[in-house]
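Asker:
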Amino acid sequence: MSDTETGEGAARESRAAGTGVPDGSRRPRIAAAVAGGVLFAAVAAVLALTTPWNPLPGEVPGGHVGADPALDFTSAEIARSKAFDSAVNPPAYAGLVTGLAVILVLGLTPLGARFIGWATSRTGRRPMRIIIAAAAVATLLRVAGLPFDVWRESVLRRYGLSTQSWLAWLADQLKSLGLTWIIYTVALLLLYALIRRFPRYWWTGAAAGGFLLVVLVSFIYPVAVEPVFNKFHSLPQGQLRTELLAMAERDGVPVKDVLVADASRRTTSLNAYVSGFGSTRRIVLYDTLLKSPPARIESIVGHELGHAKRDDVLHGTLVGALGIAGALCVLYLLMTSPRLLRRAGLDPGGEAGAAGPGDASGSPGGAADPRSIALLLALVTVGTHLAAPVQNLVSRHIEARADVHALDLTRDPSTFVSMQHELSVRNISDLSPDGLEYLLWLTHPSGPDRIAMARDWSRIHRVQVPPPLR
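All residue numbers for the sequence shown refer to the numbering used here, where the first residue is 364 and numbers rise by one.
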């Protein structure tokens, strides 16, 4: 049998060149690399051009006001914030490190392939192997993080932020795990069908499918996922509802409804948000927020109207979909690397990503082997964490723009400042986050940052500057 027939000649030429990738795989890999580069460049350009890097344009008379918690928060409030931060950070960081360690060990050593092989050993049907593998890995990761989730929940209870019973908390954990199973199963079944059918060019279908899936999930999330964790009802008829809808009309933002979520059965914190777009867009208020003065609620809704008017959810969805498409091109490059596949205990199958001899069960080798799910999830996890600081940075500027919109709409900086104070105190927000916390966690400006921006707005618009609350 000739080298051409076996593929060994091409593999030898590739190894001689020091790449480890067969010549026949170079063209699709180059195409994937170019496509990924173009998509990431498009994302970078869109973010650079559309992110409100200066959400409050114009010169501030007298200069910018510095963010200083001591101006608006009592010593007791600052001390409580620091104590809570010191208590909640250890489980957060420990859970992050443990989760990364577990998935990296599973994905970058043969342990993951062995674990999946063991979990799927009793079924030979390929779709069932993928379903079982997805559930097994998701469950293992959730179990590994469970002690830190319990630790964090204990802290929330100690500080009065959680109102759930342990049974209700566990039910939410199981609901979350069930949703993870569903998402993993659907995505992996589609992806591995593409890998098996188009071993060299599966990245094209994956990129297009990933884009569409992100858009679809964003569209159906408010009506399919949010009700799993909360019950919603329309804000009852009354002066508050009338004023909020009138404010939306005055702002030129079509709002179909303002909903109230039964958040009080889970937490004492205050919050509101906008989700979905088009016919699924809605503004949601926590029921805990309804006890605040109407003017403060209007200030918060003004912020949410800012998101709706700018179509921030739609914009974020489309940018995220582009990023996912680019990431799937890069994922193809990594999942078709013979060196990486061997490190994960997988048979590259002759040509990278092609169906090969596989494991003892007869599954194809390379990326098409269901045992590569551990490697795939490890790569996705790393990519997600690398992207988080950029996402958080962009999010903070978008949230600041929505704050400016609320101020422009209500022209009531005093209420805005008092509302930010109430939110920070009730939610026990970090009043002085460090650089690492900004990188990893903060999707919104801190309370003192938002209060300082409101005072800048007051100076620019020559509205009476709210004095320090202390």
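Virtual Cβ for every residue (Gly too), placed ideally from N, Cα, C.
I'd like to check one pair, K654 with D625: are the Cβ atoms closer than 8 Å?
Answerer: Locating residue 625 in the sequence shown gives position 262, where the first residue counts as 1. Locating residue 654 in the sequence shown gives position 291, where the first residue counts as 1. Contact: no.
Asker: Which residues does DSSP list as the beta-bridge partners of S314?
Answerer: Residue 314 falls outside the range modelled here, since the chain spans only 364 to 833, and no answer is possible.
Asker: Should Q602 go down as buried or exposed, given a rule of 16 or more other Cβ atoms within 10 Å for buried?
Answerer: Start at 1 with the first residue of the sequence shown, and residue 602 comes out as number 239. So Q602 ends up on the exposed side.
Asker: According to DSSP, R645 sits in a beta bridge with which residue or residues?
Answerer: For the purposes of this step, residue 645 is identified with residue 282 of the sequence shown, where counting begins at 1. Bridge partners of R645: S638.
Asker: Would you kindly work out how many angstroms separate the C-alpha atoms of S735 and A750, rounded to a whole number?
Answerer: On the sequence shown, position 372 is the one that residue 735 refers to. On the sequence shown, position 387 is the one that residue 750 refers to. Going by the C-alpha atoms only, they are around 23 Å apart.
Asker: State the DSSP-derived secondary structure class of L469, mapped to helix, strand or coil.
Answerer: For the purposes of this step, residue 469 is taken as residue 106 along the sequence shown, with counting starting at 1. Here L469 sits in helix by DSSP.
Asker: Taking the beta strand (DSSP E) that S597 falls in, what are its first and last residues?
Answerer: Counted from its first residue, the sequence shown places residue 597 at position 234. Taken as a continuous stretch (DSSP letters only), the beta strand (DSSP E) holding S597 covers F595 to S597.
Asker: Enumerate in chain order the residues of its own chain whose CB-to-CB distance from P657 is below 6 Å, with the five nearest sequence positions on each side excluded.
Answerer: Locating residue 657 in the sequence shown gives position 294, counting from the first residue. L603, listed in sequence order.
Asker: Is Y636 closer than 8 Å to E667 when the C-beta atoms are compared?
Answerer: Against the sequence shown, residue 667 aligns to sequence position 304. Against the sequence shown, residue 636 aligns to sequence position 273. Yes, Cβ-Cβ distance for E667 and Y636 is below 8 Å.
Asker: Assign G716 to one of two classes, buried (16 or more other C-beta atoms within 10 Å of its C-beta) or exposed (fewer than that).
Answerer: Counting from one through the sequence shown, the residue named residue 716 turns up at place 353. Reliability of the predicted coordinates at G716 is poor, the pLDDT of 41 falling under 50, and the value obtained from them is presented with this limitation in mind. G716 comes out buried.
Asker: Indicate whether L633 and T651 have their beta-carbon atoms separated by less than 8 Å.
Answerer: Translated into the one-based positions of the sequence shown, residue 633 becomes position 270. Translated into the one-based positions of the sequence shown, residue 651 becomes position 288. Against a cut-off of 8 Å, the Cβ pair of T651 and L633 comes out as a contact.
Asker: Just confirm the distance between the C-beta atoms of S787 and R659, as a whole number of angstroms; I'd bet it's less than 8 Å.
Answerer: Numbered from its first residue, the sequence shown carries residue 787 at position 424. Numbered from its first residue, the sequence shown carries residue 659 at position 296. At roughly 13 Å, the Cβ-Cβ gap does not stay under 8 Å, so S787 and R659 are not in contact.
Asker: Would DSSP call V518 helix, strand or coil?
Answerer: Stepping through the sequence shown from its first residue, residue 518 is reached at position 155. Residue state, collapsed to three classes: helix.
Asker: Ends of the alpha helix (DSSP H) at A587?
Answerer: If you number the sequence shown from 1, residue 587 lands on position 224. From DSSP, the alpha helix (DSSP H) with A587 extends over W565 to A587.
Asker: Report the residue from F574, A534 and A446 whose alpha carbon sits nearest the alpha carbon of Y522.
Answerer: Position 159 of the sequence shown, counting from 1, holds the residue named residue 522. Ranking F574, A534 and A446 by Cα distance to Y522 puts A446 first.
Asker: Looking at I466: is its Cβ nearer than 8 Å to the Cβ of T806?
Answerer: Position 103 of the sequence shown holds residue 466. Position 443 of the sequence shown holds residue 806. No. Outside cutoff.
Asker: If you check the beta carbons only, do I761 and P420 fall under 8 Å apart?
Answerer: For this step, residue 761 is matched to residue 398 along the sequence shown. For this step, residue 420 is matched to residue 57 along the sequence shown. The answer is no: Cβ separation not under 8 Å.
Asker: Tell me the DSSP bridge mates of L802?
Answerer: Along the sequence shown, read from residue 1 onward, the residue named residue 802 stands at position 439. Answer by DSSP bridge pairing: none, since L802 is not bridged.
Asker: Flag this pair as yes or no: are the beta carbons of A534 and L554 separated by less than 8 Å?
Answerer: Start at 1 with the first residue of the sequence shown, and residue 534 comes out as number 171. Start at 1 with the first residue of the sequence shown, and residue 554 comes out as number 191. Not in contact: A534 and L554 (Cβ atoms no closer than 8 Å).
Asker: Can you tell me which of P811, S792, A408 and L681 puts its alpha carbon nearest to the alpha carbon of D448?
Answerer: Mapped onto the sequence shown, residue 448 falls at position 85. The residue with the shortest Cα to Cα distance from D448 is S792.
Asker: Using the Cα positions of P590 and R706, report the straight-line distance between them to the nearest angstrom.
Answerer: Reading the sequence shown from its first residue, position 227 is the one you call residue 590. Reading the sequence shown from its first residue, position 343 is the one you call residue 706. Taking the straight line joining both Cα atoms gives about 42 Å.
Asker: Name the one or two DSSP bridge partners that A624 has.
Answerer: Counted from its first residue, the sequence shown places residue 624 at position 261. Its beta-bridge partners are F595 and Y649.
Asker: Distance, Cα to Cα, V586 vs R628?
Answerer: Stepping through the sequence shown from its first residue, residue 586 is reached at position 223. Stepping through the sequence shown from its first residue, residue 628 is reached at position 265. When rounded, the distance between both Cα atoms is 20 Å.
Asker: Helix, strand or coil: how does DSSP classify R825 here?
Answerer: One-based indexing of the sequence shown puts residue 825 at position 462. Reduced to three states, the DSSP call for R825 is coil.
Asker: I need the boundaries of the alpha helix (DSSP H) containing H807, first residue and last residue.
Answerer: As a first step, residue 807 is located in the sequence shown; it is residue number 444 there, counting from the start. Note, H807: premise wrong, no alpha helix (DSSP H); not H, not E.
Asker: Does DSSP classify G746 as helix, strand or coil?
Answerer: The residue given as residue 746 occupies position 383 in the sequence shown. Note: G746 maps to helix in three-state DSSP.
Asker: Excluding the five sequence neighbours on either side, which residues of its own chain have a C-beta within less than 8 Å of the C-beta of N790, listed in chain order?
Answerer: For the purposes of this step, residue 790 is identified with residue 427 of the sequence shown, where counting begins at 1. These residues qualify, in order along the chain: L524, S632, L633 and N634.
Asker: Looking at L740 and M698, is the spacing between their C-beta atoms short of 8 Å?
Answerer: As a first step, residue 698 must be located in the sequence shown, where it is residue number 335. As a first step, residue 740 must be located in the sequence shown, where it is residue number 377. In this structure, L740 does not lie closer than 8 Å to M698 by Cβ.
Asker: Between the stretch 421-440 and the stretch 763-774, do three or more beta carbon pairs fall short of 8 Å?
Answerer: Touching, no.
Asker: Would the beta-carbon of L551 fall within 8 Å of that of I493?
Answerer: Here residue 551 corresponds to residue number 188 of the sequence shown, with the count starting at 1. Here residue 493 corresponds to residue number 130 of the sequence shown, with the count starting at 1. A contact, by the Cβ cut-off of 8 Å.
Asker: Using a beta-carbon distance below 8 Å, is P830 in contact with chain C?
Answerer: Given the protein chain composition of this structure (a single chain), no chain C is represented.
Asker: Consult DSSP for W416 and reduce its assignment to one of helix, strand or coil.
Answerer: Residue numbering aside, residue 416 sits at position 53 when the sequence shown is read from its first letter. Residue state, collapsed to three classes: coil.
Asker: Please go through the same chain and pick out, in chain order, the residues whose beta-carbon is closer than 8 Å to the beta-carbon of E785, but skip the five residues on each side of it.
Answerer: Taking the sequence shown and counting its residues from 1, the one referred to as residue 785 is at position 422. Closer than 8 Å at the Cβ level, and outside the excluded window around E785, lie L633, S655 and R659.
Asker: Given this structure, state the Cα-to-Cα distance separating G683 from A398, to the nearest angstrom.
Answerer: Within the sequence shown, the letter at position 320 stands for residue 683. Within the sequence shown, the letter at position 35 stands for residue 398. C-alpha separation (whole angstroms): 16 Å.
Asker: Just how far apart, CA to CA, sit L459 and L410?
Answerer: Translated into the one-based positions of the sequence shown, residue 459 becomes position 96. Translated into the one-based positions of the sequence shown, residue 410 becomes position 47. The straight-line gap from Cα to Cα measures roughly 27 Å.
Asker: Taking a contact to mean a Cβ-Cβ separation below 8 Å, would you say G470 touches A731 in this structure?
Answerer: By one-based count along the sequence shown, residue 470 stands at place 107. By one-based count along the sequence shown, residue 731 stands at place 368. No, the Cβ-Cβ distance between G470 and A731 is not below 8 Å.
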